[in-house]
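This report refers to the structure that appears directly beneath it.
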Amino acid sequence: MPTSVIGKIVVDRLQLINEQGEADASRLTHLPESVYNKFFETITLARLYNQRALSLQREGRLGTYASILGQEASQVGSALAFDPSDWIIPSFRESGVLIAMGYPMHLLYRYWMGDERGMSCPEGLNILPMCVPVGSQLTHSVGVGMGIKHRGEKKAVGVYFGDGASSRGDFHEGLNLAGVFKLPIVFLCQNNQWAISVPRSAQSAGATIAERAFSYGFEGIQVDGNDIVAVYKATKDAVDKAKDNNGPTLIECFTYRLDDHTTSDDASRYRSKDEVESWKAKEPLIRLRLFMEKKGLWSKAYEDEVIKKASEAVDAAIKEAEGFSQPQAVDMIRFTNKDLSLRQKRELEELER
Amino acid sequence: MPTSVIGKIVVDRLQLINEQGEADASRLTHLPESVYNKFFETITLARLYNQRALSLQREGRLGTYASILGQEASQVGSALAFDPSDWIIPSFRESGVLIAMGYPMHLLYRYWMGDERGMSCPEGLNILPMCVPVGSQLTHSVGVGMGIKHRGEKKAVGVYFGDGASSRGDFHEGLNLAGVFKLPIVFLCQNNQWAISVPRSAQSAGATIAERAFSYGFEGIQVDGNDIVAVYKATKDAVDKAKDNNGPTLIECFTYRLDDHTTSDDASRYRSKDEVESWKAKEPLIRLRLFMEKKGLWSKAYEDEVIKKASEAVDAAIKEAEGFSQPQAVDMIRFTNKDLSLRQKRELEELER
Amino acid sequence: MKLNMVGAINAALAQEMSRDKDVVILGEDVGRDGGVFRVTEGLQARFGAGRVMDTPLAELGIVGASIGMAVYGLRPVAEIQFMGFIYAAIEQVFSHAGRMRSRSRGRFTCPLVIRTPYGIGIKAPELHSESAEALFCHMPGVKVVVPSSPYNAKGLLASAIRDDDPVIFLEPSRLYRAIKAEVPDEEYLIPLGKGEVYQEGADMTIVAWGAMLHKAAEAAEGFDAEIIDLQTLKPFDEELILSSVKKTGRLVVVHEATRNCGLGAEIAAFVSEAAFGYMKAPIMRVAGYEAVTPMARLEDDFKPGIERIKKAYELVMEY
Amino acid sequence: MKLNMVGAINAALAQEMSRDKDVVILGEDVGRDGGVFRVTEGLQARFGAGRVMDTPLAELGIVGASIGMAVYGLRPVAEIQFMGFIYAAIEQVFSHAGRMRSRSRGRFTCPLVIRTPYGIGIKAPELHSESAEALFCHMPGVKVVVPSSPYNAKGLLASAIRDDDPVIFLEPSRLYRAIKAEVPDEEYLIPLGKGEVYQEGADMTIVAWGAMLHKAAEAAEGFDAEIIDLQTLKPFDEELILSSVKKTGRLVVVHEATRNCGLGAEIAAFVSEAAFGYMKAPIMRVAGYEAVTPMARLEDDFKPGIERIKKAYELVMEY
Ligand SMILES: Cc1ncc(C[n+]2csc(CCOP(=O)(O)OP(=O)(O)O)c2C)c(N)n1
Ligand SMILES: Cc1ncc(C[n+]2csc(CCOP(=O)(O)OP(=O)(O)O)c2C)c(N)n1
Ligand SMILES: [Mg+2]
Ligand SMILES: [Mg+2]
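Chains as they are written, first to last, in our numbering: chain A, 1 to 353; chain B, 354 to 706; chain C, 707 to 1025; chain D, 1026 to 1344.
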């Protein structure tokens, strides 16, 4: 009679391409080769966009910026598993996700230049503005999921957040509600091992973030976040599951933030060069390149061509972003409410004088 | 290479005395017989206190009241596992816990009469005031645990909350912090199956609340919350573990709220008579009585004596509570800050006029 | 039909839900139980559990989910069981509901309503009697509405639900069942941002809202006072207050919330600037003390009573 | 020694930690990294990780834990990385920190300090520039302090840490490194609840605090203005303001926060009542617009600039 076992939970980790670029063929057969090109081209584009953002910031042409270096597989691989009409709810570090979803890069740059117009998502895409209060976007996915259910649409929600965000109450309330209402949500934890200076080990004593999903009544899985094929596969499965009304999934993308937290951070204050070096060796592009080369999908010439196209796109985006006029002061009032109060109207006049 | 298992979690349930009062002798040897008397006497006292509170409320002599009927084993059994010098952080339904800790009953009644003086804990006890915002007391246990660690005391913290509270972000942040800092806390979830009209099944899709502990890096266990011996044993082990610096434990006491949520609720609106009846059969006193009878620790005479003593204590407490003077209006200002502002002083004068 | 405020709010919800299937209700105990005050009684049976959702105990989640629904295109009406429990959701209100339109430059909007019982009045436990309206009045992007009668409760809530920005709808629990009055079955809207002259008068202007409106009016017996029921606290009806004060030259604002940085301060500051020269007496505020809202036994000592209010009226008149 | 505000706050923390071993620091990145503004630099190395604790990303938990420590008997100093992120912890501040003494009738108290950078000024991302002081001024039980110089930052923070009630200590990020000034090594305390005459004058009284104090003073050149540095916002120094206003007959309050229900409203309402008859001109408030605090590009258009402030001064003088 005394102690009886009433529950068993098993936590899995998915990797499809190892650091040497070797793959388990049996599990990849379902993927058309063009997908790998898409992976390679999008990562390249996102990485170039990111490099340029960093140098623009150094030149004072862009504000504080959060680099995605090292996380491209987790961002691009997951984003490409969604349809453009699905809903994406990003944190503040999701530039790669937005680029993969087709969000105009010049708007992204504009946003990082401190201009709200950069987060005015084009029609046809359903991407919420980047969310600055860490973790506070999590429960929004619940509401969007409820909306999708209410209208009976066949859509999924992808909500992104970091390992740090996983410590916030929002994580708990969001995942618990998603489980209770069995909502079509894919929770994409970008575990890049750091929350500014706080390492994953100090963020939680739990072994994985993925395992938490089970206590909310749905599946969680950890994927090698630098293996874009694994990230894509896990996300695609979760998106399909969501659209088949089989509820939410938590995916922990196990990756690494290779750069400083943001351009106003100095990571050398709190982490070792060795740690960073060891992760550089695992960065996603090396692996994808090796894998594609083995498959005969990669050549120097191909890469040069991809980079050329990407730089042209990035140059054009920067040109367009810097071509924006300074936003109008009146906009801060005009966009605060739909119907302006008398006070707001007086303030508009004051500003227009 | 593909999916590898990176984690396994096993969730246990503890029951030491079944509904027929049969026990697993081997696991009880460590308990002196006097403990069972203490259990019986404290449950009897708490139950009488509770009955009288309900009738006082009906007579308009007490305000809205939250009954503990059915939960006495979970409350008393856990509380008795702490030392008087340990720290107790209750929710709003912990009358039984406070009584077991030796909190003066007249103060409890006074509190339910709408008087803050009822929550002025006597020196010698470290029991925080009952907490009304559900779940918001959870993170306080973290701070008290940090204080105990800071001063190097050999004390434990017991923090109580319900199944409803387990859905709040406070639960997550509290348990996660407790795990990270390895604090001497016993998290006592009083899962009485209902949060007003919301059943446990609608509170979370997770199978148990206990299992969540593992994802915070410490142990969780579900106990039969109507088996006071199991509750006591699980809590005692957790308290000892805490005092040996082995960190927190989550105990899910699986019990049932036999009465309405509070005196302003009507549970018949949302749950069936049958469900309530089936749980009445499992209520803790029946089982303890059977068990003690088998051990020769119970007799009708003994019970009568216990009840007599208890009623005298309760009568005295009510007399004392009703003997209180009406609190002074000035106290609401005097106890808002230590040093009163000029405005507060003016307001005091206005009140004293 | 004669209804109390509970019935009027219930009627407004039913009306809006039948009119627009994107209107959904969510909160703790709002479904099966019909709400702890029975405000949503019968709505789940009528509109289904998909549109009247009982949620887990998670205020942050309730409001966060409402924001997601509103951004998606629905018109959620969230219930927070008591205003004292809205604090856990304040980040969602301030950092998201009130900012989504601005942040996305109009691409996404947040038409949601948060209903919550507020104020002292039912001798309930601690934190069941909060009057924290001023916090929300300070936050750009958010509107704040407080009904004072069954009639305006129905008309104001309908307008709040149709408003394209977030509205905090505060329901004075003291009034839920206090007044029964004629409430038209047919649809009507009371515009947000407009106050109502509750009583005309010449000697002084009294501004109040919700439950205190009635106390303020009771205390005004014997005075030739113009009483304004503010109805919308943010943005409040500047014109109505100004025109009245310019006529009377005297102003008393009455509210239950603690005085410091309460809405009374804003109204007094606004009038003292905009009607300077018109004032025959200092603008007085009658408000809660600089004290934690007490439990039941001291409730009545905390909130302004007839005596305190009358005293203020006399002071401005004697001035 | 010459210090900027970062150095002065760091010095105050070090001083109090060496004086009282119950003083502990906790927050995100406050330890190893020394805080994103380096305010706690070197403190973990000096006092150990047990007293300078890097926490997980959990504002609610940070403040909730601080309350537990304070109730237990320690004197926690919590850092919230930016004021825009304090909202998640507001329930802990309002419903617990500010009420623990009252709720337990003095048996438990809550001597904790929450430090957080506040206001516009470092061209940071959204929600890194909030001025939400008025929210906390409205809450009974809680004190609010804002330094304006390295000197008063050290003296005020020391007093805040020794205060037996919760104190919200708002650090104008714009001033962190803007001013370097002489700060005594030895211990000194600046009492809470007292303002400071920053400049004497006869024609008008200007009340400001934090970063806006300097803008208000800059704009006052050419005016014979008495400028009051409020220092403690709650409870504010009524006597100092009144005596000055009764002398000058004119008052302008300048703050960065949006006007509606800002602290300026309370000061204006208080003075218009208490100094009625002394006022030669309407009390003016120069404040942020009724708008969401914008991102970097529009920051300077949101916060009151020299021109707007000067205009108010001229208006009250011309009156
Ligand atoms: C609620 C909140 N607290 C603090 C911050 C400041 N901050 C910005 S990013 C960050 C760390 C976030 O870590 P993580 O969630 O792992 O995301 P990452 O930066 O690694 O992408 C912090 C503390 C914030 N933006 N929001
Ligand atoms: C934050 C908060 N939300 C809502 C309420 C109203 N309320 C009081 S008790 C309760 C249900 C609590 O359920 P549970 O945590 O299971 O405790 P139980 O009542 O079963 O003991 C609710 C919703 C509250 N007091 N606090
Ligand atoms: Mg991270
Ligand atoms: Mg329960």
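Built from N, CA and C at the ideal position, the CB exists for glycine as well.
Identify which residue in the options has its Cα closest to the Cα of residue i.
i: E116 (chain A); options: C:Y824, C:G825 and C:R805; result: C:R805
i: L340 (chain A); options: C:K986, C:V959, C:K940 and C:E924; result: C:K940
i: L342 (chain A); options: D:A1316, D:A1321 and D:I1331; result: D:A1316
i: I604 (chain B); options: B:H614, B:Q575 and B:W632; result: B:Q575
i: E1202 (chain D); options: D:Y1143, D:V1031 and D:I1331; result: The amino acid at residue 1202 (chain D) is misidentified as Glu; the sequence shows Arg. The candidate whose alpha carbon is nearest that of R1202 (chain D) is D:V1031.
i: F335 (chain A); options: A:M119, A:V229 and A:R47; result: A:M119
i: E19 (chain A); options: A:E219, A:R289 and A:K300; result: A:R289
i: V1278 (chain D); options: D:V1232, D:E1263, D:A1306 and D:N1029; result: D:V1232
Could you round the C-beta distance between residue i and residue j to whole angstroms and report it? I think they count as a contact, below 8 Å.
i: S854 (chain C); j: L818 (chain C); result: That pair is no contact at about 23 Å.
i: C131 (chain A); j: F92 (chain A); result: 6 Å
i: G179 (chain A); j: S74 (chain A); result: Not confirmed; about 23 Å, so no contact.
i: A53 (chain A); j: V76 (chain A); result: That belief does not hold up - the Cβ atoms of A53 (chain A) and V76 (chain A) are roughly 16 Å apart, past 8 Å.
i: I6 (chain A); j: D365 (chain B); result: 7 Å
i: V992 (chain C); j: R1014 (chain C); result: 6 Å
i: F187 (chain A); j: L177 (chain A); result: In fact, because the Cβ distance is near 12 Å, the residues do not count as touching under 8 Å.
i: A1337 (chain D); j: K1179 (chain D); result: In fact, because the Cβ distance is near 32 Å, the residues do not count as touching under 8 Å.
Can you tell me whether DSSP reads residue i as helix, strand or coil?
i: R366 (chain B); result: strand
i: M1 (chain A); result: Because M1 (chain A) sits at a pLDDT of 47, beneath the cut-off of 50, its placement in the model cannot be relied upon, and the point is left open.
i: W298 (chain A); result: coil
i: H525 (chain B); result: helix
i: M1309 (chain D); result: strand
i: K886 (chain C); result: coil
i: V712 (chain C); result: helix
i: I501 (chain B); result: helix
i: D657 (chain B); result: helix
i: P1175 (chain D); result: helix
i: V1055 (chain D); result: coil
i: P878 (chain C); result: strand
i: P637 (chain B); result: helix
i: K1148 (chain D); result: coil
Using a threshold of 7 Å, is the CB atom of residue i nearer than that to any non-hydrogen atom of ligand 5?
i: N545 (chain B); result: As for ligand 5, it is missing from this structure, which binds only ligand 1, ligand 2, ligand 3 and ligand 4.
Within 9 Å of chain C by C-beta, residues of the stretch 1282-1297 of chain D in sequence order:
Those residues of the stretch 1282-1297 of chain D that come within reach of chain C (Cβ to Cβ, closer than 9 Å) are A1282, T1283, R1284, N1285, C1286, G1287, L1288, G1289, A1290, E1291, I1292, A1293, A1294, F1295, V1296 and S1297.
With three or more C-beta pairs closer than 8 Å as the rule, is the stretch 1249-1267 of chain D touching the stretch 1155-1169 of chain D?
Judged by Cβ distances under 8 Å, the stretch 1155-1169 of chain D makes contact with the stretch 1249-1267 of chain D, as three or more pairs qualify.
Any contact between the stretch 509-517 of chain B and the stretch 813-829 of chain C? By contact I mean 3 or more CB pairs, one from each, below 8 Å.
No, the stretch 509-517 of chain B is not in contact with the stretch 813-829 of chain C.
Residues of the stretch 324-339 of chain A with Cβ closer than 8 Å to any Cβ of chain C, in chain order:
D331, M332, F335, T336, N337, K338 and D339
Scan the stretch 467-481 of chain B for residues whose Cβ lies nearer than 7 Å to a Cβ of chain D and list them as they occur along the chain.
E469, R470, M472, S473, C474 and L481
Given 8 Å, three or more beta-carbon pairs between the stretch 1288-1303 of chain D and the stretch 1265-1279 of chain D
yes
May I ask you to list, following chain order, the residues of the stretch 815-827 of chain C that have a beta carbon less than 7 Å from some beta carbon of chain G?
Included in the structure are the protein chains A, B, C and D, with no chain G among them.
Measuring CB atoms only, is the stretch 551-558 of chain B touching the stretch 1113-1128 of chain D, in the sense that at least three cross pairs come out at less than 8 Å?
The answer is no - the stretch 1113-1128 of chain D does not touch the stretch 551-558 of chain B, with fewer than three Cβ pairs under 8 Å.
Segment contact flag, the stretch 1147-1156 of chain D with the stretch 1065-1077 of chain D, C-beta cutoff 8 Å, min 3 pairs:
no
Would you list, in chain order, the members of the stretch 1314-1330 of chain D that have their beta-carbon closer than 7 Å to a beta-carbon of chain C?
E1315, A1316 and V1317
So, does the stretch 1083-1098 of chain D touch the stretch 495-506 of chain B, judging by three or more C-beta pairs under 8 Å?
A contact between stretches requires three or more CB pairs, one per stretch, nearer than 8 Å, and the stretch 1083-1098 of chain D meets this requirement with the stretch 495-506 of chain B.
Beta carbons nearer than 7 Å to chain D: which residues of the stretch 156-171 of chain A have them?
Going along the stretch 156-171 of chain A in chain order, one finds G164, A165, S167, R168 and G169 with a Cβ nearer than 7 Å to chain D.
Pair every Cβ in the stretch 411-423 of chain B with every Cβ in the stretch 431-438 of chain B, then say whether three or more of these pairs are closer than 8 Å.
no
Closer than 8 Å is the cut-off here; do at least three beta carbon pairs connect the stretch 654-672 of chain B with the stretch 922-936 of chain C?
no
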